[in-house]
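K.L.:
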Amino acid sequence: MKARIDFYTASPDALKAMMALESAVSRLPLEKSLIELVKLRASQINGCAFCIDMHTSDAIKGGETPRRLFAVTAWREAPFFTDRERAALLWTESLTQLSLTHAPDEDYEAVSAQFSPKEMVDLTVAISTINSWNRLAVGFRKTPQA
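Take a look at the structure:
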């Protein structure tokens, strides 16, 4: 793939806002390992090679096991995830594919069984943020370094 534009330099103000949002997400009181799983799953759905590479590396640096990371695409069948992680991954898929799912009540009920109202909003902001990054990276063809 050929890179299109460098979105960081093309609109510094927009990226300053994105970086502020990312900084806010990093300070949310959700488990860092859970956030990395969410970022990875959304990036897989969106086909964002740059973000998959980055968040896999970040998760490993944070202590995540490669085995669990490899299984994220099949989290429903893999026995490696807690009920809380499963609810977060379900909510990630539901919101990342919003035009297909419309965030059904059953997905909301699953996430609300594991997360407080504040945590659900925090999780949703984290999901929204990675989806925005994915759209920038995929849209402008940002690729990982070989």
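Anchor point for the sequence shown: position 75 equals 74 in numbering that gives the first Met the number 0, and the numbering is continuous, going up by one each time. Yeah, the Cβ is synthetic: ideal placement off N, Cα and C, and Gly gets one too.
Kindly indicate the opening and closing residues of the alpha helix (DSSP H) around residue 38.
P.N.:
31-45
K.L.:
Going straight from the alpha carbon of residue 96 to that of residue 4, what length do you get?
P.N.:
When rounded, the distance between both Cα atoms is 26 Å.
K.L.:
Between the C-alpha atoms of residue 63 and residue 104, what's the straight-line distance to the nearest angstrom?
P.N.:
31 Å
K.L.:
What are the start and end residues of the alpha helix (DSSP H) that includes residue 138?
P.N.:
116-138
K.L.:
If we count the other Cβ atoms within 10 Å of its Cβ and call it buried at 16 or more, is residue 136 buried or exposed?
P.N.:
Buried is the call here.
K.L.:
In or out: residue 99 buried (at least 16 other Cβ within 10 Å) or exposed?
P.N.:
exposed
K.L.:
Please name the residue, chosen from 2, 9, 140 and 125, that lies closest to residue 32 on a Cα-to-Cα basis.
P.N.:
125
K.L.:
Between the region 52-69 and the region 30-44, can you find at least three pairs of beta-carbon atoms closer than 8 Å?
P.N.:
yes
K.L.:
Using only CA atoms, which one of 143, 21 and 114 lies nearest to residue 85?
P.N.:
114
K.L.:
Give the secondary structure of residue 90 by DSSP, where H, G and I count as helix, E and B as strand, and everything else as coil.
P.N.:
In the three-state reduction of the DSSP assignment, residue 90 falls in the helix class, which pools H, G and I.
K.L.:
What is the C-beta distance between residue 42 and residue 50, in whole angstroms, given that I count them as a contact (C-beta under 8 Å)?
P.N.:
Indeed, because the Cβ distance is near 4 Å, the residues count as touching under 8 Å.
K.L.:
List the endpoints of the continuous alpha helix (DSSP H) containing residue 59.
P.N.:
Where residue 59 is concerned, the enclosing alpha helix (DSSP H) stretches over 48-60.
K.L.:
Which class does residue 142 belong to by DSSP, given the choice of helix, strand or coil?
P.N.:
coil
K.L.:
Got a sec? Which residues, its chain only, sit under 8 Å from residue 61 by beta carbon, not counting five neighbours each side?
P.N.:
31, 32 and 35
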